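Peer 1: Protein chains in written order, with the numbering used here: chain Y, 371 to 630; chain V, 371 to 630.
1. When the cut-off is 8 Å and only beta carbons count, does residue 481(Y) lie next to chain V?
2. Of all Cβ atoms in chain V, is any one closer than 8 Å to the Cβ of residue 510(Y)?
3. Along chain Y, which residues have their Cβ under 7 Å away from the Cβ of residue 419(V)?
4. How is residue 672(Y) classed by DSSP in three states: helix, strand or coil?
5. With distances taken between CB atoms, is the gap from residue 376(V) to residue 479(V) smaller than 8 Å?
6. Could you spell out where the beta strand (DSSP E) holding residue 435(V) opens and where it closes?
7. Any idea if residue 522(V) is buried or exposed, counting beta-carbon neighbours within 10 angstroms, 16 or more meaning buried?
8. Is residue 408(Y) a contact residue of the ligand SAH, with contact defined as CB to any heavy atom under 7 Å?
9. Out of 411(Y), 393(Y), 412(Y), 409(Y), point me to the one whose CA is closest to residue 403(Y)'s CA.
10. Nearest chain Y C-beta to residue 537(V) closer than 8 Å, yes or no?
11. Would residue 511(V) and residue 488(V) be called neighbours here (beta carbons separated by less than 8 Å)?
12. Measure from the alpha carbon of residue 536(V) to the alpha carbon of each residue in 589(Y), 626(Y), 572(Y), 519(Y), then state which is nearest.
13. Is residue 586(Y) closer than 8 Å to residue 466(Y) when the C-beta atoms are compared?
14. As a quick exercise: from 406(V), 504(V), 464(V), 372(V), pick the residue whose alpha carbon is nearest that of residue 387(V).
15. Compare the Cα-Cα distances from residue 554(V) to each of 599(V), 604(V), 401(V), 568(V) and report the closest residue.
16. Please state the DSSP three-state secondary structure of residue 404(Y).
17. Whole angstroms is fine: what's the gap from residue 524(V)'s alpha carbon to residue 565(V)'s?
18. Quick one: grab the DSSP three-state call for residue 604(V).
19. Which one of 382(Y), 435(Y), 412(Y) has the shortest CA to CA distance from residue 381(V)?
20. If we call anything under 8 Å between Cβ atoms a contact, is residue 531(V) one with residue 538(V)?
21. Residue 533(V) touches chain Y at which residues, Cβ-Cβ below 7 Å?
22. With burial defined as no fewer than 16 other Cβ atoms inside 10 Å of the residue's Cβ, what is the status of residue 545(Y): buried or exposed?
23. Enumerated in chain order, which unbroken segments of the alpha helix (DSSP H) with a length of 4 residues or greater are wholly contained in the stretch 470 to 519 of chain V?
24. Identify which residue in 408(Y), 417(Y), 413(Y) has its Cα closest to the Cα of residue 636(V).
25. Is it the case that the Cβ atoms of residue 520(Y) and residue 451(Y) are separated by a distance below 8 Å?
26. Report yes if the CB atom of residue 484(Y) is closer than 8 Å to the CB atom of residue 472(V), and no otherwise.
27. Throw me the rounded Cβ distance for the residue 515(V) and residue 468(V) pair, which I believe falls under 8 Å.
28. Using a Cβ-Cβ distance under 8 Å, would residue 542(Y) count as near chain V?
29. In chain order, what residues of the same chain lie with their CB nearer than 6 Å to the CB of residue 509(Y), ignoring the 5 residues before and after it?
30. Of all Cβ atoms in chain Y, is any one closer than 8 Å to the Cβ of residue 499(V)?
31. Return no unless some Cβ of chain V is closer than 8 Å to the Cβ of residue 463(Y).
32. So, are the CB atoms of residue 597(V) and residue 541(Y) less than 8 Å apart?
33. With 8 Å set as the bound, which would you pick, yes or no: does the beta-carbon of residue 565(V) sit closer than that to a beta-carbon of chain Y?
34. Within the continuous beta strand (DSSP E) that includes residue 569(Y), where are the two ends?
35. Would you say residue 460(Y) lies against chain V (beta-carbon separation less than 8 Å)?
Structure, rendered in structure tokens:
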């Protein structure tokens with residue numbers, strides 16, 4: 371496999387840094403090729419703005435979508451963005467590794483998504499008709515590739531359980547799993563989540579890395595979350611609502627994954 | 371009222387820029403004081419890292435929580451962070467205004483949260499015992515203040531409906547409403563959401579601003595989302611699970627708001 375790990379933690383000498391090293395070693399030992407985008411080490415620019423489009427007509431107002439579309443089509447994106455897109459095209463597997471900060475990814479990683487996910491690359495792909503609404507949610511340029519999150523949290527597992535006060539971890543991660551990964555076509559594997567990071571001693575570190583190793587070993591074979599395909603018949607077009615005969619009377623994030 | 375608007379859009383000559391001007395005008399005309407943090411104009415630094423703590427011992431490994439705690443307690447935070455905290459303490463009402471990018475806030479606004487929400491200011495507040503688990507989720511330094519999101523999306527309202535493919539907008543916003551606003555104590559008002567931004571002509575702009583005006587006029591009086599208080603008896607401590615006799619058999623984000 372060719373694995374891209376996008377890693378967002380500000381301190382290498384941390385649990386996340388150790389887990390990053392562990393993943394790289396495990397994957398390479400198994401014969402895989404690994405590239406790492408260490409966003410803090412790269413001093414990744416987080417904010418999407420007009421500076422991302424140096425060839426644009428500065429007399430016109432900045433339009434994030436239109437300027438992105440033009441720059442992607444004309445090959446005038448900034449080098450940092452184009453390099454990340456090339457890594458994504460090279461990879462067959464993407465791992466996003468980050469600590470959960472305020473119930474989602476750190477700003478620097480959100481800024482990787484905002485900037486690398488160009489119009490024509492991750493959205494605005496494919497035709498819109500009465501049968502298809504673009505290539506997204508199961509189709510798109512990342513189709514055939516797999517993705518997985520490796521996430522740490524400071525809270526307890528119960529705080530992120532079905533009735534835990536923070537909300538269920540799978541629902542907190544849904545906007546990433548479904549809206550950021552499934553959207554441009556990735557098959558999304560269940561996440562690796564390590565809770566209560568301040569209480570990881572040597573024994574727990576050994577347990578957590580053993581579990582992580584099993585998940586890395588299963589990257590190519592584990593079953594993905596069965597998110598529905600937008601253009602596969604389950605949704606009305608263009609309203610994009612789940613058809614009434616499916617998941618009758620139910621709503622919310624969970625209806626977008628098919629029952630096992 | 372004293373209203374702080376934190377605004378995150380890269381182009382002033384945009385729908386969001388117009389809405390921002392409209393809100394400032396409407397609030398000032400009604401006699402309110404308004405401060406605006408225009409994050410792009412301020413060139414806000416999004417990424418939380420060791421540079422945020424210039425007085426820290428650089429020979430030690432960086433710990434986002436521990437370094438934040440120390441700097442907040444000792445008054446050695448960076449000036450930009452301290453200024454935003456002072457605005458939050460000045461305000462009785464907070465509005466976060468942003469375009470929904472990849473189903474959450476733009477990186478620059480996430481970075482405002484990551485950096486301004488210091489340990490001792492927005493988290494790590496209050497004592498932990500068998501009756502209280504810190505002052506959070508309804509308590510904390512923002513208690514007594516109100517907050518509201520003003521959000522634009524490119525998609526259709528139906529795409530964000532109960533069975534819409536993107537997921538219900540209230541669930542997509544839950545990690546912000548509950549995890550970022552209710553957490554340090556804000557009372558959270560229902561959001562203002564304007565969909566399909568590419569199709570806003572003059573007639574629709576008039577409608578949307580009229581609706582926005584009504585919401586601004588109701589900032590002090592509209593009923594907030596009835597999120598439960600962590601230490602109010604509804605949750606076990608320290609497991610922080612909703613007690614079994616409440617919302618029997620239900621789970622997910624919705625159980626954390628009391629039924630009407």
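Even glycine gets a Cβ: it sits at the ideal position worked out from N, Cα and C.
Just so it is clear, the structure is predicted and the values come from calculations on it, not from any experiment.
Peer 2: With the structure as the only source:
1. As a position in the first chain, residue 481(Y) is number 111, starting the count at 1. At least one chain V Cβ lies under 8 Å of residue 481(Y).
2. Within the first chain, the letter at position 140 stands for residue 510(Y). No - not a single Cβ of chain V is within 8 Å of the one on residue 510(Y).
3. The residue given as residue 419(V) occupies position 49 in the second chain. Neighbourhood of residue 419(V) in chain Y, by CB distance below 7 Å: 380, 410, in chain order.
4. For chain Y, the structure presents residues 371 to 630; residue 672(Y) sits outside this window and is missing.
5. As a position in the second chain, residue 376(V) is number 6, starting the count at 1. As a position in the second chain, residue 479(V) is number 109, starting the count at 1. Between residue 376(V) and residue 479(V), the C-beta spacing is below 8 Å.
6. Reading the second chain from its first residue, position 65 is the one you call residue 435(V). Per DSSP, residue 435(V) belongs to no beta strand (DSSP E); it is in the alpha helix (DSSP H), 434 to 444.
7. Walking along the second chain from the start, residue 522(V) turns up at place 152. Under this definition residue 522(V) is a buried residue.
8. Annotation note on the ligand SAH: not contained in the displayed structure, which lists no ligands.
9. Walking along the first chain from the start, residue 403(Y) turns up at place 33. When each option's Cα is compared against that of residue 403(Y), the closest is 393(Y).
10. Along the second chain, read from residue 1 onward, the residue named residue 537(V) stands at position 167. Residue 537(V) counts as touching chain Y.
11. Taking the first residue of the second chain as 1, we reach residue 511(V) at position 141. Taking the first residue of the second chain as 1, we reach residue 488(V) at position 118. Result no, Cβ atoms of residue 511(V) and residue 488(V) do not sit closer than 8 Å.
12. Numbered from 1 along the second chain, position 166 holds the residue referred to as residue 536(V). Ranking 589(Y), 626(Y), 572(Y), 519(Y) by Cα distance to residue 536(V) puts 626(Y) first.
13. Residue 466(Y) sits at position 96 when you count from the first residue of the first chain. Residue 586(Y) sits at position 216 when you count from the first residue of the first chain. No, these two residues do not count as a Cβ contact at 8 Å.
14. Here residue 387(V) refers to the residue found at position 17 when the second chain is read from its first residue. With distances taken between Cα atoms, residue 387(V) lies closest to 406(V).
15. For the purposes of this step, residue 554(V) is taken as residue 184 along the second chain, with counting starting at 1. Checking every option, the nearest Cα to that of residue 554(V) belongs to 599(V).
16. As a working mapping, residue 404(Y) is identified with position 34 in the first chain. Note: residue 404(Y) maps to strand in three-state DSSP.
17. Residue mapping note: residue 524(V) aligns to position 154 of the second chain, counting from 1. Residue mapping note: residue 565(V) aligns to position 195 of the second chain, counting from 1. Distance between the alpha carbons of residue 524(V) and residue 565(V): 6 Å.
18. Here residue 604(V) corresponds to residue number 234 of the second chain, with the count starting at 1. DSSP places residue 604(V) in helix when its eight states are reduced to three.
19. The residue labelled residue 381(V) in the question sits at position 11 within the second chain. The shortest Cα separation from residue 381(V) among 382(Y), 435(Y), 412(Y) belongs to 435(Y).
20. For the purposes of this step, residue 531(V) is identified with residue 161 of the second chain, where counting begins at 1. For the purposes of this step, residue 538(V) is identified with residue 168 of the second chain, where counting begins at 1. Yes, they are a contact pair.
21. To locate residue 533(V), count along the second chain from 1; it is residue 163. What residue 533(V) touches in chain Y: 611, 612, 621, 625.
22. Numbered from its first residue, the first chain carries residue 545(Y) at position 175. With 16 or more other Cβ atoms within 10 Å, it is buried.
23. 477 to 486
24. Outside the shown range of chain V (371 to 630) lies residue 636(V), about which nothing can therefore be said.
25. Reading the first chain from its first residue, position 150 is the one you call residue 520(Y). Reading the first chain from its first residue, position 81 is the one you call residue 451(Y). Contact flag unset, no.
26. Start at 1 with the first residue of the first chain, and residue 484(Y) comes out as number 114. Start at 1 with the first residue of the second chain, and residue 472(V) comes out as number 102. Yes, the pair counts as a contact, with Cβ atoms nearer than the cut-off.
27. Taking the first residue of the second chain as position 1, residue 515(V) is located at position 145. Taking the first residue of the second chain as position 1, residue 468(V) is located at position 98. Not quite, the Cβ-Cβ distance comes to about 19 Å (not below 8 Å), so this is no contact.
28. Residue numbering aside, residue 542(Y) sits at position 172 when the first chain is read from its first letter. So, interface residue.
29. One-based indexing of the first chain puts residue 509(Y) at position 139. Answer for residue 509(Y): 555, listed in chain order.
30. If you number the second chain from 1, residue 499(V) lands on position 129. It does not: the Cβ of residue 499(V) has no partner Cβ on chain Y nearer than 8 Å.
31. Residue mapping note: residue 463(Y) aligns to position 93 of the first chain, counting from 1. Among the CB atoms of chain V, none fall inside 8 Å of the CB of residue 463(Y).
32. Start at 1 with the first residue of the second chain, and residue 597(V) comes out as number 227. Start at 1 with the first residue of the first chain, and residue 541(Y) comes out as number 171. Taking 8 Å as the Cβ cut-off, residue 597(V) and residue 541(Y) do not qualify as a contacting pair.
33. Residue 565(V) sits at position 195 when you count from the first residue of the second chain. No - not a single Cβ of chain Y is within 8 Å of the one on residue 565(V).
34. Position 199 of the first chain holds residue 569(Y). Note, residue 569(Y): premise wrong, no beta strand (DSSP E); not H, not E.
35. Here residue 460(Y) corresponds to residue number 90 of the first chain, with the count starting at 1. No - not a single Cβ of chain V is within 8 Å of the one on residue 460(Y).
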